[in-house]
Amino acid sequence: MLAYVIRRVFHSIVVLLAVGLVAFSMFRFVGDPIDNMLGQERTQADIDRLRTQLGLDQPFAIQYWKFLSGAAEGNFGVSYRQGRPVSDIISERAPATLELAAVSGLFAILLGIGLGVFTAIRRNGIASNLIMTLSLVGVSLPTFLIGILLIYVFSVELDMLPSFGRGETVMVGYWSTGFLTKSGLVALILPAITLGLYQMTLIMRLVRSEMLEVLRQDYIRFARARGLRERVVNFRHALKNTLVPVITVTGLQLGSIIAFAIITETVFQWPGVGLLFINAIHFVDIPVMAAYLMLISVMFVTINLVVDLLYFAIDPRLRVDGRST
Amino acid sequence: MYRTTALAAALMATTSFAASAETLRWARAGDSLTLDPHAQNEGPTSALAHQIMEPLVMRDMTGAMVPALATEWAPSESDPNVWVFVLREGVTFHDGAAFDSEDVKFSLERAMTEDSDYKELLASVVEVRAPESHRIEIVTNGPNPIMPNNLTNMFMMDKGWAEANNAVKVQDYEGGEDTHAAKNANGTGPYRLVSREPDVKTVLTINENYWGKEEFPLQVTEIVYTPIQNAATRIAALLSGEVDFIQDVPVQDLERVAAADGLDLRTAPQNRVIFFGMNMGDADLENDNVDGKNPLSDVRVRRAMSMAINRDAIKQVVMRGQSQPAGMISPPFVNGWNEEMDSSSRTDVEGARALMSEAGYADGFSIQLDCPNDRYINDEGICQAAVGMLAQIGITVNLDAKPKAQHFPLINNYETDFYMLGWGVPTYDSEYIFNFLVHTKGEKYGSWNGTRFSNPELDEKIEALASETDLEMRNAMINEIWQVVQDEALYIPIHHQVLNWGMASNLDTIVAPDDTAKFKYFTLN
């Protein structure tokens, strides 16, 4: 077990270094930040001076090394766009993204599992067929379009929900939360649906097909034959056994909820790290882009690691195999 | 359906307006980058700063220069190299400190340091003197007739506050520490900073002790500023009554805003002209199919290209009527602009073809056009239209549209032979245009001149403008320089951009040509 973990952690570090290397070799194609940083009146001398000051005249390998050695000390540099430390900016923005991801993740899991079970049990009902057809829409429409449609219907036409922003937030320590105010909660609804819709339909379809598989198994028939109530059979016996693959997929999807928040955050002007990243790309704010990409890859690698370990814990067969090899 | 709900939304908006008194909720695409008044010379940054801080002289909403923290200014009678500013009496900063000449001296000197984005505008300044508490003398390295024009965005800070808060130095990119001035502000302006979360929300409230209380409407008493980047969301927020005032209305939504009940659209020409530049200096071009020659070095070809562009078609089709065809690369408010030159461009495809064959390019040639796709209004669309128009005279144009961060380095590094550029003139004087776009490119001048054009005689004239104090003489020189620029067909002017502001009907303002809303001028009804 321990050897397994150590091996996985080692792999993760290699992946992180590779991501950073690829990122830094790409930055030069994003553009040149100098013109965004200096005013229209800049002279050639200003350009050269700033380029040297920022170390942008050096090869990317050296820039990468500087970034790594800074990051190792917890210093991610200063944003070219805002002129403030990147670590401050990201820690200000992270709560918005994490709260949004948590709510839309919850939405996706609860509704996804519920609807999945429902459509599996009432396989041929009209409601099930309708849900399945609608879920195709959720899978196939791009996020920004769903967001714009929701804004149009619920903000412009019905005037029920806000079209942008986080509403009022409250500071709890260093964490700015929108959970404690009415406007904060209301502001979460549309972005959370937009962000979670794809994951919701994915989980729903997964649960449904797993459930259909399980319901065909002999032990379900025996359970029915024993005269157990339908509810007990469906939820205690069938659903429980469908959850292992669902946990894997959900875990991995949690990472993409945070990473895909970029588009949702842009549409709803949600002040999270995704919006920060988009702005950083437009401005060629290299320190912010680098820090964001590293954080996202740390997150994915960690989630992967945790999911692997969970698997290890949940499925006894893996444990036996692991020992024998 | 739509109209009734829009009406309902508008009614709700107006009622909430009446309830919360005079709050104005303002949205535009970008946020201010910093509150440090000298760190970024950039539109949204100085627009926010103008509510909180003030320069010595400023532009009102029509673009005219008016007194702000200085009440009078003139060149010194004894020394032509000195400008004297008399400061306004009885002005205090938001924290109560009195405003005097020491603050001006401090602020100007701060704006002249290496990390300041405003140092080029003060490049001719040798010394700032504060002989009396309300008198400031700016010494330049020669007579500078348009010194005040350079000061309209040069904000004044409180010396004592800056020293107490470790903000003497302009924010830079080293050290990794937050500058106090980047997130806090202490100005003399009509509004005080209440709170600010960068890229999220900035709240300002009226400065009860403002010196101009009697002079300006000041009907807006609270400002909530939220940047909304996505154009569709910004429009939705205005239509649903969540914001009262937006800038950067996308052209495809203009009619919707104008047609909505309870909303108004205001339009005015912007201080920005859009044009194409051409590499006329190199002996041969990298990006064309003509060997050993540079077709763009022939003035007949440049003229033919300009004649092939149908500016009215671009206005109608690409800009949906939101542009003003241009004949010179100067916005209409600028000293040196003249109507005759600006209306000189005409479309004449036959004549253009004749010029092309006269120049020996009857069969045309091919060339690459570099264009930004996220900088100017419908920039890529304009370039696409130009591709079709130039094809009519045999020029095959390969369009390469890129984000601005990749486009502008091409111009500065001489990596493009044919490019789009837009230009605004903050000093409202032609000298600014000549310095950057016409003068031979070098250490100090011509830093945006990607044409490789170089005319030493003209350079001398341009440099002489800086110290010519006889304004009549100076205007004659400006006109002469423009004549050369026009005769050489140095650039292909396309149009002047038009600004659109969308707002709740109970707000009233005119549109400022520099796209800077100064809320102290806004009225409510």
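Same order as they appear, the protein sequences are chains E and X. If you use the working numbering, the first sequence corresponds to residues 341 to 665, in order. If you use the working numbering, the second sequence corresponds to residues 21 to 545, in order. In this text, a Cβ means the ideal position worked out from N, Cα and C, and glycines have one as well.
Nearest residue (CA-CA) to residue i, options the options
i      : options                        : result
S96/X  : E157/X, A303/X, M177/X         : E157/X
D268/X : A328/X, Q71/X, T287/X          : T287/X
M56/X  : A187/X, A117/X, F456/X, E147/X : Strictly speaking, residue 56/X in this sequence is Asp, with Met absent from that position. With distances taken between Cα atoms, D56/X lies closest to A187/X.
E370/X : D399/X, G414/X, W357/X         : G414/X
E435/X : D420/X, Q506/X, V518/X         : D420/X
P315/X : A374/X, D120/X, I329/X, F385/X : F385/X
A67/X  : M497/X, Y211/X, F113/X         : Y211/X
I255/X : L519/X, D490/X, R48/X          : R48/X
I431/X : Q384/E, I598/E, A363/E, H351/E : Q384/E
L535/E : A563/E, L446/E, D428/E         : L446/E
K335/X : V223/X, T54/X, Q517/X          : Q517/X
V145/X : M81/X, V504/X, S487/X, P270/X  : S487/X
L626/E : E605/E, V493/E, M377/E, R347/E : Note that residue 626/E is Ile in the sequence shown, not Leu. With distances taken between Cα atoms, I626/E lies closest to M377/E.
D499/E : T253/X, F175/X, S260/X, D390/X : S260/X
DSSP state of residue i mapped onto helix, strand, coil
i      : result
E570/E : helix
W231/X : coil
V386/X : First, the residue type needs correcting, since residue 386/X is Ser and not Val in the sequence shown. Strand, per DSSP.
Y541/X : helix
D399/X : helix
P75/X  : coil
T43/X  : strand
D528/X : strand
R472/X : coil
Q517/X : strand
L441/X : strand
G371/X : helix
A113/X : Position check: residue 113/X holds Phe in this sequence, whereas Ala was assumed. Residue state, collapsed to three classes: coil.
P247/X : coil
Q290/X : strand
E451/X : helix
Any C-beta of chain A under 8 Å from that of residue i
i      : result
V607/E : No chain A appears in this structure, whose protein chains are E and X.
Within chain X, the residues that residue i reaches when beta carbons sit closer than 7 Å
i      : result
I488/E : A252
Q422/E : L53, T54, P218
Chain-ordered neighbours of residue i on chain X, where CB pairs are closer than 8 Å
i      : result
N644/E : Chain X residues near N644/E: none, gap ~31 Å exceeds 8 Å.
N619/E : D219, Q249
V457/E : None at all; the shortest Cβ gap to chain X is about 36 Å.
I598/E : Correct list: empty, because the minimum Cβ distance to chain X is about 19 Å.
Any C-beta of chain X under 8 Å from that of residue i
i      : result
A412/E : no
I353/E : no
L378/E : yes
F450/E : Checking the sequence, you will find Leu at residue 450/E rather than Phe. Judged by the 8 Å Cβ criterion, L450/E is not in contact with chain X.
P435/E : no
S495/E : yes
V418/E : yes
D375/E : yes
L438/E : no
V345/E : no
I430/E : no
Proximity test, Cβ basis, 8 Å: residue i and chain E
i      : result
V159/X : no
D137/X : yes
Q272/X : no
F473/X : no
L285/X : no
N61/X  : yes
A202/X : yes
Chain E contact residues for residue i, given Cβ-Cβ distances below 7 Å
i      : result
S467/X : R382, T383, Q384
A257/X : S503, F504
S260/X : S495, V496, D499, S503
Within chain X, the residues that residue i reaches when beta carbons sit closer than 9 Å
i      : result
G371/E : K422, P423, K424, A425, Q426, H427, F428, P429
I560/E : By Cβ distance, chain X contributes nothing, its closest Cβ being about 49 Å from I560/E, past 9 Å.
M546/E : Checking the displayed sequence, the identity of residue 546/E turns out to be Leu instead of Met. Here the premise fails: no neighbours, minimum Cβ distance about 32 Å.
Under 9 Å by beta carbon: chain E residues contacting residue i
i      : result
K464/X : T383, Q384, A385
Y193/X : M377, L390, Q393, L394, G417, V418, S419, Y420, G423, P627
Neighbour list for residue i in chain E, Cβ cutoff strictly below 8 Å
i      : result
T246/X : F504, G505, Q609
L44/X  : Those do not exist, as L44/X stays about 16 Å from chain E at its closest Cβ, beyond 8 Å.
E140/X : G379, E381, R382, T383, D386
ask   = What are the start and end residues of each continuous alpha helix (DSSP H) run of 4 or more residues lying completely inside the segment 497–528 of chain E, in chain order?
value = As far as the segment 497–528 of chain E is concerned, it has no whole alpha helix (DSSP H) run of at least 4 residues.
request  = Kindly provide the ranges of any alpha helix (DSSP H) runs that are 4 or more residues long and lie completely inside the segment 396–469 of chain E, ordered along the chain.
outcome  = Runs found: 400–412, 426–461.
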